[in-house]
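This note's numbering puts the first residue of the sequence shown at 235, with every later residue one more than the last.
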Amino acid sequence: MKRWYRAGFVFCAVGLAALCLAAEPAAITSDEENPNEVRPTGVPHRQHSKSKSAATAKSDSDGTSSATPRPRRTHRSTAKSRESEEPIPTQTVPGSVPKTGATSVIVINVSNGQVLYEKNPDQIRAPASTTKLLTGLIVAESGSLDRPVTVAQVDTFAEPVKLNIKPGDIYQRIDLLRALLVKSPNDVARCLARDNAGSIEAFAEKMNQRATALGATHSHFVNPNGLPDARQYSTARDLSTIARVAYANPTIRSIVCLPQLVFRYANGRTRELENTNKLLKRLPYCNGMKTGYTEA
């Protein structure tokens, strides 16, 4: 019998990071800013820094990626929306460890990597779309994010979640990277991987080399999007290691905090993309990072 499990990260303002497999999707945060970081198109530096706590807006049926975040709501409207939302259930008492039904969990201090809590952190699991954190990190570290990318036919062979980019379309790397980390489309992951390394296989090799260099030695990757494959696996500990490095990258950090963005297709059509990370809306102290869903 198949059942769904979720994987995700949480980073909050106090510098904690958590990865839960078979639990609620999670997020990442940072109070730091880098004046040289790549920010969403048309968003001033100050406005971008403030938007990290903005609530998530509902997404349109058709989308875009010039990466323009929606304006922040007022404190009054934000407070009103939070009051109407169902509170997140907790099972904690002061000084206790929260109960969780997650199969694998790790909570770390992002600033120094100290493990604060763990539960089966080295159990082999399917990383699902949290894989895209490593994909995004490699693309961000490669630089030239304003470089144009032409979509190839092979990039579009990626069900089920797609942005429906078309062969021959031309986009900037940064716009595809934003779409990847906010909406998690599999065709965009393939496009960025092929553009970066020449082929999916060559990019997977780069993923494994980077993961090993980071100390994520119990992981193996064969695709950039996390679609199911018996040869692709990781652990909560390894993924937290990758997430911590991704969190330190100013470009990644500036993207994963966006509740939504507007993607502009090559033909001029636009589409609003809502972040798959619902905790950006539910928890005011969360501002990233990446969710993942798979059947296991």
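The beta-carbon is built from N, C-alpha and C at its ideal position, and this holds for glycine as well.
Values in this document were obtained by computation on a predicted structure and should not be read as measured data.
- Residue 500 counts as exposed, since fewer than 16 other beta carbons sit within 10 angstroms of its beta carbon.
- Annotation note: the region 465 to 496 contains the following uninterrupted alpha helix (DSSP H) runs of length 4 or greater, listed N- to C-terminal: 470 to 482 and 484 to 490.
- Inter-residue distance for residue 433 and residue 333 is about 43 Å (C-alpha atoms, whole angstroms).
- For a cut-off of 8 Å, the C-beta gap from residue 527 to residue 360 is around 10 Å, too long to register as a contact.
- Per DSSP, reduced to three states, the secondary structure at residue 357 is coil, with no helix or strand assignment.
- Taking residue 386 as the centre and dropping the five residues before and after it, the same chain places the C-beta of 401 and 428 closer than 7 Å to its C-beta, in chain order.
- Taking the C-beta atoms as reference points, residue 354 is found nearer than 8 Å to residue 337.
- When rounded, the separation of the alpha-carbon atoms in residue 442 and residue 357 is 18 Å.
- Close CB contacts of residue 475 within its chain, under the 6 Å cut and outside five residues either way in sequence, are with 448, 449 and 450 (chain order).
- Nearest C-alpha to residue 397 among 388, 331 and 413: 413.
- It is roughly 19 Å from the alpha-carbon of residue 467 to the alpha-carbon of residue 479.
- Ranked by Cα distance from residue 465, the first of 439, 490 and 483 is 439.
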